[in-house]
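Read through the structure below, which is laid out as structure tokens, and then see the notes.
Chains as they are written, first to last, in my numbering: chain V, 26 to 315; chain U, 24 to 508.
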């Protein structure tokens, strides 16, 4: 879809037929064909978004430093919280508790739930602004990258720093944790993969991938990494386009059909799944740290 | 493998990465869906919360589908006082009313197939010259015979024509009916009657005594007066399905007793605080019986231990007038003076469900159908009603998928039945204002009585062993005034 303006973030909603794009001014929702479905004017200057699949909540943070929760099934803005920490450029959701982790310019990570107007927890993670955050699937580890050229692994439950990885001369622009615990760090035009980075401190990286030098755009040195959910593949978005890299052993081979992860489901199965998801939709008040 | 120019492989490497092949196409047939499971709990986040949400949805669906009323059958011109069904079959339902009429109904069609009394071609004007107080279908001749007794001191024997398996045609048709095959006359009005489960013998309860009759004799074969009191009558009598010589009865001296027809006198009697109106044996556990009492409670007794009831069933806010056990023996339905029908589990002190309608007045007769799916009620508004015993269970055959879904939902509700939201939805019922108000008052009264007892015990001082002087008295023990052996 050619929108003609900056798109800062994009996230799929409850299935592949709907996705939200944080464009220059507002957040738009498109369907699989590219038709614009909604324009959410209450979300302004959004930098990062995260979707909570079991609550049908879309969380957004932006330049104004407001964290807003939007219910995508009823269309209601559930809550908006003032982070009071300025523009926020990093957001991740803990899949096990549905708590949102936001990374701020003063090096802190704050944990949020829709029912509390103050952050549940504030962690001081880096000396300098955070660039990206990732929570692993089991909800145990939090990976943060900051302008101080380090990537730290934290234990989410005890809020203690477990490991630290140095990213070299430049700070990492993005990080992600795969289902099997592989850490991907995008530093400049190189993406480094550490296997099993959370449980033990890895001395050496598993893989390094250098991105092609783009001649089309002047911008270099920024890449965004995301692992593909049940595949041994990592997708990298960079200045010249999109690259996908095979990282053996990073993906979870066993998916569960009842969680909506079946890649071979038919259209009818997808529709039935959507109805079941809506029936099992959880209330935002139930989101808590424990 | 990495495409970085820094890495140059020495020899070709085989990479093992996840590779998924799409499922084979069925070759024209619809593909069988393959379900993959990952039992790792991290693959199922928030599973407890989701399961709880499903339980709430399940209990809401249950209440949405709860439509217990099936149909009403009109035909009587006064209160319907008694119902009877064949003990061995599903079919005809016989009802007797205060108008002296007896009607036979086809439950499946919800229509009357035979009427005795009320005018029409041939037949008597009334089955009884006064209220019909008891009807019972005899087990002999495949259920084609039934007996009725009334306030006019008479017992009649009638021919049904329809067997309990549905064969045969009703005698006389829907109009008029027929003359009784045989008649017995007694000296005093009769309150209730019951037939032996196998022998040609029936019992009647009346003002003077419990009488045992044989169809061959015109006078009672045996006469049992409820001992321990003189001049008291028997109001309800029931033969035990298993110990077939045992007859249980309720008497006007507030007693609940057992009589053995082989013995000379009574076996046992327990006197309660108020009179009992209905007596029923548990068909599956025949050593227990339940009585419906005037003090709004039902008491379940075990014959081996009659010094206290084994369970007190509370719920009605008016006298319990009628009782009917389900054929599974797991639950029974009661009808009360408070115009409601309640269904209790045998081991449960509170009602599982409560049925009421604006049109239904005092309920005088309650019965279960033999497939345990429906409850029949006869009430003061001259109407015989059919209700579902399980309000959310629909009719007809269910598919396997539906069956599994219902089982899953029932299991979910059971798992979370103690959580406040699920409990509120599953137990909440819309009750008539009077019943609701009265229930609240009773609740306040019992709470107050308990608080008073707590205070009395606490401030009664201590005896030599350091225990309080005044002791709590169990509800069940308090219910019984005396026991006579």
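For each residue, glycine too, the CB sits at the ideal point set by N, CA and C.
First and last residue of the uninterrupted alpha helix (DSSP H) at residue i
{"i": "residue 471 (chain U)", "result": "456-481"}
{"i": "residue 506 (chain U)", "result": "Segment 503-507 is the beta strand (DSSP E) holding residue 506 (chain U); no alpha helix (DSSP H) there."}
{"i": "residue 324 (chain V)", "result": "In the structure as shown, chain V begins at 26 and stops at 315. Residue 324 (chain V) is therefore absent and cannot be evaluated."}
{"i": "residue 436 (chain U)", "result": "423-438"}
{"i": "residue 178 (chain V)", "result": "Where residue 178 (chain V) is concerned, there is no enclosing alpha helix (DSSP H), although the beta strand (DSSP E) it sits in stretches over 175-180."}
{"i": "residue 215 (chain U)", "result": "Segment 213-218 is the beta strand (DSSP E) holding residue 215 (chain U); no alpha helix (DSSP H) there."}
Residue i in three-state terms, based on DSSP
{"i": "residue 198 (chain U)", "result": "For residue 198 (chain U), the predicted model reports a pLDDT of 46, less than 50, meaning its position is unreliable and no value from the coordinates is stated."}
{"i": "residue 303 (chain V)", "result": "helix"}
{"i": "residue 90 (chain U)", "result": "coil"}
{"i": "residue 143 (chain V)", "result": "coil"}
{"i": "residue 234 (chain V)", "result": "strand"}
{"i": "residue 248 (chain U)", "result": "coil"}
{"i": "residue 127 (chain U)", "result": "strand"}
{"i": "residue 25 (chain U)", "result": "In this prediction, residue 25 (chain U) scores a pLDDT of 49, lower than 50, which makes its location untrustworthy; the coordinate-derived value is nonetheless stated afterwards. Residue state, collapsed to three classes: coil."}
{"i": "residue 255 (chain V)", "result": "coil"}
{"i": "residue 247 (chain V)", "result": "coil"}
{"i": "residue 121 (chain U)", "result": "coil"}
{"i": "residue 206 (chain V)", "result": "coil"}
{"i": "residue 491 (chain U)", "result": "strand"}
{"i": "residue 230 (chain U)", "result": "coil"}
{"i": "residue 314 (chain V)", "result": "coil"}
{"i": "residue 28 (chain V)", "result": "coil"}
Residue of the options minimising C-alpha distance to residue i
{"i": "residue 191 (chain V)", "options": "V:174, V:214, V:179", "result": "V:174"}
{"i": "residue 445 (chain U)", "options": "U:454, U:434, U:384", "result": "U:434"}
{"i": "residue 89 (chain V)", "options": "V:80, V:168, V:61, V:105", "result": "V:105"}
{"i": "residue 235 (chain V)", "options": "V:163, V:69, V:248", "result": "V:248"}
{"i": "residue 220 (chain V)", "options": "V:213, V:226, V:210, V:231", "result": "V:231"}
{"i": "residue 328 (chain U)", "options": "U:92, U:508, U:43, U:89", "result": "U:508"}
{"i": "residue 403 (chain U)", "options": "U:383, U:396, U:409, U:392", "result": "U:383"}
{"i": "residue 43 (chain U)", "options": "V:308, V:91, V:255", "result": "V:255"}
{"i": "residue 362 (chain U)", "options": "U:374, U:368, U:341, U:372", "result": "U:341"}
{"i": "residue 294 (chain U)", "options": "U:387, U:216, U:322, U:414", "result": "U:322"}
{"i": "residue 177 (chain V)", "options": "V:184, V:183, V:188", "result": "V:188"}
{"i": "residue 344 (chain U)", "options": "U:408, U:396, U:258, U:416", "result": "U:258"}
{"i": "residue 307 (chain U)", "options": "U:320, U:331, U:151, U:395", "result": "U:395"}
{"i": "residue 120 (chain V)", "options": "V:83, V:54, V:79", "result": "V:79"}
{"i": "residue 227 (chain V)", "options": "V:209, V:215, V:238, V:213", "result": "V:209"}
Boundaries of the beta strand (DSSP E) in which residue i is found, first to last residue
{"i": "residue 65 (chain V)", "result": "61-65"}
{"i": "residue 344 (chain U)", "result": "343-348"}
{"i": "residue 186 (chain V)", "result": "185-191"}
{"i": "residue 449 (chain U)", "result": "Counting along the chain, residue 449 (chain U) falls outside any beta strand (DSSP E), though it belongs to the alpha helix (DSSP H) covering 443-450."}
{"i": "residue 279 (chain U)", "result": "278-283"}
{"i": "residue 74 (chain V)", "result": "71-77"}
{"i": "residue 357 (chain U)", "result": "354-359"}
{"i": "residue 518 (chain U)", "result": "Outside the shown range of chain U (24 to 508) lies residue 518 (chain U), about which nothing can therefore be said."}
{"i": "residue 113 (chain V)", "result": "113-118"}
{"i": "residue 84 (chain V)", "result": "82-87"}
{"i": "residue 108 (chain U)", "result": "103-108"}
Where residue i meets chain U, residues with beta-carbon distance less than 7 Å
{"i": "residue 276 (chain V)", "result": "41"}
{"i": "residue 201 (chain V)", "result": "Within chain U, no residue comes near residue 201 (chain V); the closest Cβ sits about 17 Å away, beyond 7 Å."}
Under 7 Å by beta carbon: chain V residues contacting residue i
{"i": "residue 72 (chain U)", "result": "307, 311"}
{"i": "residue 35 (chain U)", "result": "Those do not exist, as residue 35 (chain U) stays about 15 Å from chain V at its closest Cβ, beyond 7 Å."}
{"i": "residue 38 (chain U)", "result": "271, 273"}
{"i": "residue 58 (chain U)", "result": "282"}
{"i": "residue 46 (chain U)", "result": "289"}
Interface partners of residue i on chain A, CB under 9 Å
{"i": "residue 423 (chain U)", "result": "This model lacks chain A altogether; the protein chains it does include are V and U."}
Within chain U, the residues that residue i reaches when beta carbons sit closer than 8 Å
{"i": "residue 123 (chain V)", "result": "68, 69"}
{"i": "residue 79 (chain V)", "result": "68, 69, 72, 73"}
{"i": "residue 294 (chain V)", "result": "56"}
Within chain V, the residues that residue i reaches when beta carbons sit closer than 9 Å
{"i": "residue 316 (chain U)", "result": "Within chain V, no residue comes near residue 316 (chain U); the closest Cβ sits about 45 Å away, beyond 9 Å."}
Partner residues on chain V for residue i, Cβ-Cβ distance less than 8 Å
{"i": "residue 19 (chain U)", "result": "This structure cannot settle anything about residue 19 (chain U), because the visible part of chain U is limited to 24 through 508."}
{"i": "residue 80 (chain U)", "result": "304, 305"}
Neighbouring residues, chain U, relative to residue i (Cβ below 9 Å)
{"i": "residue 120 (chain V)", "result": "65, 68, 69"}
(message) Give me the subset of the segment 153-166 of chain U whose CB atoms are less than 9 Å from a CB atom of chain V, sorted by chain position.
(response) none
(message) Beta carbons nearer than 8 Å to chain U: which residues of the segment 146-176 of chain V have them?
(response) 162, 163, 164
(request) Would you list, in chain order, the members of the segment 434-450 of chain U that have their beta-carbon closer than 9 Å to a beta-carbon of chain V? (result) none
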